[in-house]
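To start, the structure under review is shown below, and the notes come after it.
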Amino acid sequence: MVAQISAGDTAWILVCCSLVLLMTPALAFFYGGMVRRKNVLSTLTLSYIFMSLIGVQWVLYGYSLAFGSDISGLIGGLNFLGFQGVGAQPNAAYAKTIPHELFASFQMMFAVITPALITGAFVERVKFKSFLLFSLLWATLVYDPLAHWVWGQGGWLKEMGVLDFAGGTVVHIAAGFSALAFALVIGPRKGHGSVPMEPNNIPLTVLGTGLLWVGWFGFNAGSALAATGIAVNALVTTNTSAATAGLVWMLLSSLDGRASTLGIATGMVVGLAAVTPACGYVTPLGAMAIGAVAAPLSYYAMRFRERRKLDESLDVWACHGMASSWGTIATGLFATVAVNAEGANGLFFGNPGQLGIQIMAVIVTIVFSFGMTYVLAKVLNMSIGLRVSPMEEEVGLDISSHGERSYS
Amino acid sequence: MLKKIEAIIREDKVNDVREALNDIGIVGMNMFEVRGHGRQGGIQLVGRAGTYQVNMLPKIQINVVLNKRNLDAAVEAILKSAYTGETGDGIIFVTPVEDVIRVRTRERGPEAMMYPGDIDEKKKK
Chain A
619 MVAQISAGDT AWILVCCSLV LLMTPALAFF YGGMVRRKNV LSTLTLSYIF
669 MSLIGVQWVL YGYSLAFGSD ISGLIGGLNF LGFQGVGAQP NAAYAKTIPH
719 ELFASFQMMF AVITPALITG AFVERVKFKS FLLFSLLWAT LVYDPLAHWV
769 WGQGGWLKEM GVLDFAGGTV VHIAAGFSAL AFALVIGPRK GHGSVPMEPN
819 NIPLTVLGTG LLWVGWFGFN AGSALAATGI AVNALVTTNT SAATAGLVWM
869 LLSSLDGRAS TLGIATGMVV GLAAVTPACG YVTPLGAMAI GAVAAPLSYY
919 AMRFRERRKL DESLDVWACH GMASSWGTIA TGLFATVAVN AEGANGLFFG
969 NPGQLGIQIM AVIVTIVFSF GMTYVLAKVL NMSIGLRVSP MEEEVGLDIS
1019 SHGERSYS
Chain B
209 MLKKIEAIIR EDKVNDVREA LNDIGIVGMN MFEVRGHGRQ GGIQLVGRAG
259 TYQVNMLPKI QINVVLNKRN LDAAVEAILK SAYTGETGDG IIFVTPVEDV
309 IRVRTRERGP EAMMYPGDID EKKKK
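From first to last, the protein sequence lines are chains A and B. Under this note's numbering, the letters of the first sequence match residues 619 to 1026, in that order. Under this note's numbering, the letters of the second sequence match residues 209 to 333, in that order.
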């Protein structure tokens, strides 16, 4: 029987696929503006390279490991190697009304940006070759299994009823806590704490924020995998959470004397990260609450990290790890079948059980991503080393890793 | 006797100082951006979450080489135009200069610094 694809759904998800891809360059600029001038190109490249690295890995075997036929609920099989069997026909298990190949490509963009998020932890000092090897291993051993657990047919977290609409666990919690683990292993930048490390180009960061927000509509609303009311709901909740978190961060920042532009932009991103697991299950008012709580949570997580003198340089843990942990748990509070009949009710709608499932998913993701990353980083550090030499770090990675100057 | 004035002043006072020096007939000068501080210490900027200290502040250094007899007039003009009353107004160093040579004409000494309508001509009038 030939299944019919929906032109509307397919057109929409094609657009979303493009929007999410755009988020990786957006992230590159978001990060790039915050480092010192001598490391701008390096920081951009750490994100950009994933469009190539995962663009190849995903087609070769990544998609298969994540979404292939299930093995004990833990990992996918090799039936989709090289995208074989991934064609114009819909895959009824994942998306009934769009080509399977489109679903796989849409998912690829998530696989591209997730490891790129982690790079914020180790900018300005990581050795490029070690970073490439780590990234490939992380994508294969952490992302692909985790995606299978939460979204893959037969994945054990999915079977348990975890609600994660667009990747709070798979993308943000995983990236955030992996960043934390990596930062603990690689150590701080030379001079961290005593040498000033001002952002070199905040306009770049703000530009990245705007592109991320728009791209996030593809990320969140696209996860409906169809052009439906649920997709619209996801777009609205995404927007509302970002807006609210931006305002709250602005208020918090003004308590420091003046509200910084960088702070407001950061607040918006935090709101976006927090609502990602919830967006297709909660109401706009629920999203407002999620964004409003995410802002101070990430804000004080950042301050905590600074007090502990941990150089997790661009606060991936605070902004993505912690915000989305809250968002995933909040899904267990605010989810309602009135918004999405295929979801579930949360605590505030009479179903306390969902909260327990969500908390468990958060804990599992944290332990798995942190643990695996810590081990990977440690092994790589002991064998090939994670850092450049002090001299290379002093000169700047643009010159020492890439032989280039960003601004001549 | 040639002297060099190195006047480190606020960035936003550059035009005022330039005009004040032009008004008394001192035309030749160059300037560049420096960072530093004296007693001003630094300032606090606001980051993503919390504030941070910036100690080396951007200032402008204006260099003027002139005849010793014009030194007091020039210094007075700079002091008047660069002043705000807040800490961070800047500082002036005066040093001796060995020689001055104009590239185009190879004139040496005080002649190399003369322009039509400059301070020495004004004094003669």
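In this text, a Cβ means the ideal position worked out from N, Cα and C, and glycines have one as well. Please read all numbers here as calculations on a predicted model, not as lab measurements.
Inset, instruction - Could you tell me whether the Cβ atoms of A/Thr642 and A/Thr787 are closer together than 8 Å? - result: Annotated as distal: A/Thr642 and A/Thr787, with beta-carbon spacing of 8 Å or more.
Inset, instruction - Give the straight-line distance between the Cα atoms of A/Gln622 and A/Ile848, rounded to the nearest whole angstrom. - result: Cα to Cα, the separation comes out at about 21 Å.
Legend entry - Separation of A/Ala860 from A/Val850, as counted between CA atoms: Looking at the two C-alpha atoms, the distance is approximately 16 Å.
Inset, instruction - Return the Cβ separation of A/Ser931 and A/Gly770 in integer angstroms, given the expectation that the two are a contact with Cβ distance under 8 Å. - result: Incorrect: roughly 32 Å between the Cβ atoms, too far for contact.
Legend entry - 7 Å Cβ cut-off: residues of chain B touching A/Arg921: Those are Ala257, Gly258, listed as they occur along chain B.
Legend entry - Separation of B/Leu279 from B/Ala228, as counted between CA atoms: Distance between the alpha carbons of B/Ala228 and B/Leu279: 14 Å.
Legend entry - Cβ shell of A/Leu696 (< 6 Å), same chain only, five flanking positions each side left out: Excluding positions up to five away in sequence, the list reads Ser682.
Inset, instruction - Out of A/Ala757, A/Pro763, A/Gly828, point me to the one whose CA is closest to A/Phe1061's CA. - result: With chain A covering 619 to 1026 only, the question about residue 1061 of chain A has no answer from this structure.
Legend entry - B/Arg226, enclosing alpha helix (DSSP H) - first and last residue: Its alpha helix (DSSP H) spans residues 222-232.
Legend entry - Short CB-CB distance (under 8 Å) between B/Val242 and chain A: Closer than 8 Å: no.
Legend entry - CB contact check: A/Gly875 to chain B, cutoff 8 Å: Chain B, which has a Cβ nearer than 8 Å to the Cβ of A/Gly875, makes this yes.
Legend entry - B/Val283: contacting residues in chain A (beta-carbon distance under 7 Å): Contact note: B/Val283 does not reach chain A at a C-beta cutoff of 7 Å; the least C-beta distance is about 34 Å.
Inset, instruction - Drop a sphere of 10 angstroms on the beta-carbon of A/Met1009, count the other beta-carbons inside from all chains shown, and report buried for 16 or more, exposed for fewer. - result: So A/Met1009 ends up on the exposed side.
Legend entry - Local Cβ density within 10 Å of A/Gln702, reported as buried at 16 or more and exposed below that: Counting every other CB atom within 10 Å of its CB across the protein chains shown gives A/Gln702 a total below 16, marking it as exposed.
Inset, instruction - Evaluate A/Gly809 with the Cβ neighbour count: other Cβ atoms within 10 Å of its Cβ, from every protein chain shown; 16 or more gives buried, anything less gives exposed. - result: Exposed: under 16 other Cβ atoms inside 10 Å.
Legend entry - is_contact[B/Val311, chain A] using C-beta, thresh 8 Å: Chain A places no beta carbon closer than 8 Å to that of B/Val311, leaving this residue out of the contacts.
Legend entry - Cα-Cα separation, A/Phe724 to A/Ile820: Taking the CA atoms as reference points, A/Phe724 sits about 30 Å from A/Ile820.
Legend entry - Member of A/Val957, A/Ile791, A/Gly950, A/Val955 whose CA lies at the smallest distance from the CA of A/Asn964: At residue 964 of chain A the sequence reads Gly, which differs from the Asn that was named. Checking every option, the nearest Cα to that of A/Gly964 belongs to A/Gly950.
Legend entry - Option in A/Ile693, A/Asp874, A/Ala842, A/Ala907 with minimal Cα separation from A/Lys714: When each option's Cα is compared against that of A/Lys714, the closest is A/Ala842.
Legend entry - Pairwise C-alpha distance: A/Ala734 and A/Phe1051: No answer is possible for residue 1051 of chain A: it lies beyond the span of chain A, which begins at 619 and ends at 1026.
Inset, instruction - Please state whether DSSP places A/Pro717 in a helix, a strand or coil. - result: DSSP, reduced to helix, strand and coil, places A/Pro717 outside both helices and strands of the structure shown, so it counts as coil.
Legend entry - At least three beta-carbon pairs within less than 8 Å, the region 244-256 of chain B to the region 273-288 of chain B: As far as the Cβ criterion goes, the region 244-256 of chain B does not touch the region 273-288 of chain B, which means the pair count is below three.
Inset, instruction - State yes or no: is the C-beta of A/Val768 within less than 8 Å of the C-beta of A/Asp782? - result: Yes, the Cβ-Cβ distance between A/Val768 and A/Asp782 is below 8 Å.
Inset, instruction - Taking all protein chains shown into account, decide if B/Arg256 is buried (16 or more other Cβ within 10 angstroms of its Cβ) or exposed. - result: Counting other Cβ atoms within 10 Å of its Cβ, B/Arg256 reaches 16 or more and is therefore classed as buried.
Inset, instruction - Go ahead and pull the three-state DSSP assignment for A/Gly939. - result: Helix, per DSSP.
Legend entry - Within chain A, the residues that B/Val262 reaches when beta carbons sit closer than 8 Å: Those within 8 Å of B/Val262 in chain A are Pro814, Glu816.
Inset, instruction - Just grab the DSSP bridge partners of B/Thr259 for me. - result: As DSSP reads the structure, B/Thr259 sits in a beta bridge with B/Val254.
Legend entry - Outcome for B/Gly325 when other beta-carbon atoms lying within 10 angstroms are tallied against a minimum of 16: By the C-beta density criterion, B/Gly325 is exposed, having fewer than 16 other C-beta atoms within 10 angstroms.
Legend entry - Amino acids of chain B, ordered along the chain, whose beta-carbon sits closer than 9 Å to that of A/Leu933: The sequence as given places Asp at residue 933 of chain A; Leu does not occur at that position. Near A/Asp933 (Cβ distances below 9 Å), the residues of chain B are Arg256, Ala257.
Inset, instruction - Would you kindly work out how many angstroms separate the C-alpha atoms of A/Ile689 and A/Val633, rounded to a whole number? - result: One C-alpha to the other measures close to 32 Å.
Legend entry - Exposed unless 16 or more other CB atoms sit within 10 angstroms - verdict on A/Asp1016: Residue environment: A/Asp1016 is assigned as buried (16 or more neighbouring CB atoms within 10 Å of its CB, all protein chains considered).
Legend entry - Where the beta strand (DSSP E) containing B/Phe240 begins and where it ends: For B/Phe240, the enclosing beta strand (DSSP E) starts and ends at 238-244.
Legend entry - Any chain B beta carbon closer than 8 Å to A/Ser943: Output row for A/Ser943: interface = no.
Inset, instruction - Using three-state DSSP, classify B/Lys267 as helix, strand or coil. - result: Looking at B/Lys267 - three-state DSSP - the assignment turns out to be strand.
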